[in-house]
Amino acid sequence: MKIGILGCGNMGATLGKFWAEAGHEVWFASGLPEKAAALALENQCGHGTYPEVVEQCPVLLYSLRGVEPQQLCSGWSGKTVIDCNQPDLPLGFEFKPRETSLAQQLAEAIPLCQVVKAFCLHPVELFHHGADTLRSWGVQTFFCGDSPDDKDKVRLLAQDLGLLPFDCGPLSRAYLLEAQADFWRLFQLHQGQQLVSQFQLVGYPEPVHFTRKPGRY
Ligand SMILES: NC(=O)c1ccc[n+]([C@@H]2O[C@H](COP(=O)([O-])OP(=O)(O)OC[C@H]3O[C@@H](n4cnc5c(N)ncnc54)[C@H](OP(=O)(O)O)[C@@H]3O)[C@@H](O)[C@H]2O)c1
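Each residue of the sequence shown is one higher than the one before, starting from 40 at the first, in our numbering.
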């Protein structure tokens with residue numbers, strides 16, 4: 040896949056590096072051109088301005104929190120846009136319920152693109168264990184979006200990072216993933232449990248001697 044990395048901070052630099060290693064054609068774009076150029080050199084990738092990278096890459100990682108897409112360029116059409124963003128950490132880790140998700144806000148700003156919420160759940164350090172190690176650990180990742188074709192691309196990109204992708208349904212559920220990531224951030228960043236706090240969906244067998252009665256769940 041031809042993937043544009045928008046924003047060369049921790050997440051952009053890391054996912055770009057590992058996707059390039061997996062054989063994808065990666066292009067870096069940054070507010071600091073020399074940063075994108077250095078990453079491109081290091082990882083044998085391309086680099087360009089935001090308008091150049093958005094124009095030429097069908098898949099884009101949007102790792103810029105709090106930056107409107109129109110601030111970067113115009114011409115947002117027909118792209119798969121992966122949103123890995125989380126809201127700013129609140130003072131004292133006092134998280135509050137939110138009306139909507141960052142992913143839905145992004146989708147509203149670029150209605151001619153398909154936004155997929157993904158890769159917001161894992162601390163960036165996790166990816167640096169490498170795909171083979173993550174595969175051996177069976178690390179799950181959760182994503183959601185409205186377009187099956189675009190989600191298929193993200194599923195493949197997750198697998199290339201060594202993750203087990205789990206489709207959580209439409210983009211309207213992105214708030215659940217963002218809340219899940221906040222829960223994780225509480226453990227990792229506030230309570231210092233580092234990488235221990237990873238979520239795993241586990242299917243336990245049904246009990247033999249109990250059948251749930253119809254009820255309110
Ligand atoms: N770090 C993690 O473990 C982690 C895990 C999951 C999700 N996330 C989420 O992923 C997103 C990126 O995280 P990160 O750790 O990569 O953050 P980061 O290291 O701070 O990088 C974000 C990049 O966004 C660009 N940027 C930020 N503010 C900007 C502004 N006002 N105008 C223009 N560009 C701006 C900068 O790119 P340039 O320097 O290239 O200009 C910056 O390096 C955040 O929403 C975060 O919550 C992070």
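Beta carbons: idealized from backbone N, C-alpha and C, even for Gly. If you're wondering where the values come from, they're calculated on a predicted model, not measured in any experiment.
Proximal residues to residue i (C-beta, below 8 Å), its chain only, five neighbours per side dropped
i, result
"Thr-53", "Val-163, Phe-166 and His-167"
"Phe-205", "Gln-179, Thr-180, Phe-181, Phe-182 and Leu-240"
"Gln-232", "Phe-226"
"Gln-20", "Residue 20 lies beyond the residue range present for the chain, which begins at 40 and ends at 256; the question has no answer from this structure."
Beta-carbon proximity check, residue i vs residue j, cutoff 9 Å
i, j, result
"Ala-61", "Asp-189", "no"
"Ile-42", "Ala-68", "no"
"Cys-123", "Phe-158", "yes"
"His-86", "Ala-75", "yes"
"Val-106", "Gly-46", "yes"
"Gly-131", "Leu-100", "no"
"Thr-180", "Ala-197", "yes"
"Asp-185", "Gln-125", "no"
"Leu-78", "Gly-117", "no"
Separation of residue j from residue i, as counted between CA atoms
i, j, result
"Phe-57", "Leu-160", "17 Å"
"Arg-280", "Glu-73", "Past the boundaries of the shown model lies residue 280; the chain is included only from 40 to 256, so the question cannot be answered."
"Gln-95", "Gln-143", "24 Å"
"Arg-224", "Phe-249", "37 Å"
"Ala-213", "Glu-138", "11 Å"
"Cys-112", "Pro-244", "51 Å"
"Val-241", "Ser-175", "16 Å"
"Gln-239", "Leu-71", "37 Å"
"Ala-170", "Pro-253", "44 Å"
"Gly-201", "Phe-182", "15 Å"
"Leu-128", "Arg-194", "28 Å"
"Lys-156", "Pro-246", "35 Å"
"Pro-90", "Leu-103", "15 Å"
"Gly-177", "Leu-228", "23 Å"
"Gln-110", "Arg-251", "53 Å"
"Pro-187", "Leu-203", "17 Å"
"Gln-230", "Leu-80", "37 Å"
Contacts around residue i, its chain only, beta-carbon distance under 7 Å, and the 5 residues preceding and following it disregarded
i, result
"Ile-149", "Pro-108, Trp-115 and Val-120"
"Lys-192", "Met-40, Val-98 and Thr-119"
"Ala-146", "Val-154 and Leu-210"
"Gly-55", "Ile-44, Val-65, Phe-67, Leu-78, Asn-82 and Cys-84"
Residues near residue i by beta carbon distance below 6 Å, same chain, minus five either side
i, result
"Val-92", "Gly-43, Trp-66 and Ala-68"
"Pro-136", "none"
"Ser-140", "Ala-213, Tyr-214 and Glu-217"
"Phe-134", "Asp-221"
Pick out the complete alpha helix (DSSP H) segments inside the stretch 96-120, 4 residues or longer, and give them in chain order. 108-111
Segments assigned alpha helix (DSSP H), at least 4 residues, entirely inside the stretch 136-201: 141-148, 163-166, 170-176 and 187-199
Restricting to runs no shorter than 4 residues, where is the alpha helix (DSSP H) found entirely within the stretch 49-80? DSSP runs (the alpha helix (DSSP H)) wholly in the stretch 49-80: 49-60.
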